[in-house]
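S.K.: One structure, as structure tokens, below. Some questions next.
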Amino acid sequence: MRGLPSERVRHSGERMAQPGAFTAALNWYRNIPAHALHPGVKDGAVTVPTLFAWGTDDWSMTPSAAENTRDHISGPYTYRTLDGAT
């Protein structure tokens, strides 16, 4: 079996649909320092080799946001655009 059982998914979905619940949960994760989640992040910059692949049909990130990710990488960085990818 992969992932959560459907009843757990339904339960979580119902809870996240309550006013303010999703924002509160998201803010909890936003408050965790990046270095605590990812050992390759030091002082707010990623220090490990990084490949950023961005699809031209990605609806969640603009081209400038994708390109400006470089500003947060201090290690070796490669940026690739994937035409037609989401």
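Going by my numbering, the residue at position 10 of the sequence shown is -2; the numbering climbs one at a time, nothing skipped.
Using N, Cα and C, we set each Cβ at its ideal position, and we do this for glycine too.
In this structure, what does DSSP give as the bridge partners for R68?
M.R.: Residue 68 sits at position 80 when you count from the first residue of the sequence shown. For R68, which the question treats as bridged, DSSP gives the partners A41.
S.K.: State whether the segment 64 to 71 contacts the segment 39 to 46, with contact taken as three or more CB pairs (one from each stretch) at a distance under 8 angstroms.
M.R.: In short, these stretches touch, since the Cβ pair count reaches three.
S.K.: Please report the residue range of the alpha helix (DSSP H) in which V(-3) lies.
M.R.: The residue given as residue -3 occupies position 9 in the sequence shown. Segment S(-6) to M4, the alpha helix (DSSP H) holding V(-3).
S.K.: According to DSSP, is A12 helix, strand or coil?
M.R.: Residue mapping note: residue 12 aligns to position 24 of the sequence shown, counting from 1. Three-state result, A12: helix.
S.K.: Can you tell me whether DSSP reads M(-11) as helix, strand or coil?
M.R.: Position 1 of the sequence shown, counted from the start, is the residue given in the question as residue -11. Confidence in M(-11) is poor, its pLDDT being 45 and thus under 50, which makes the residue's placement too unreliable to answer from.
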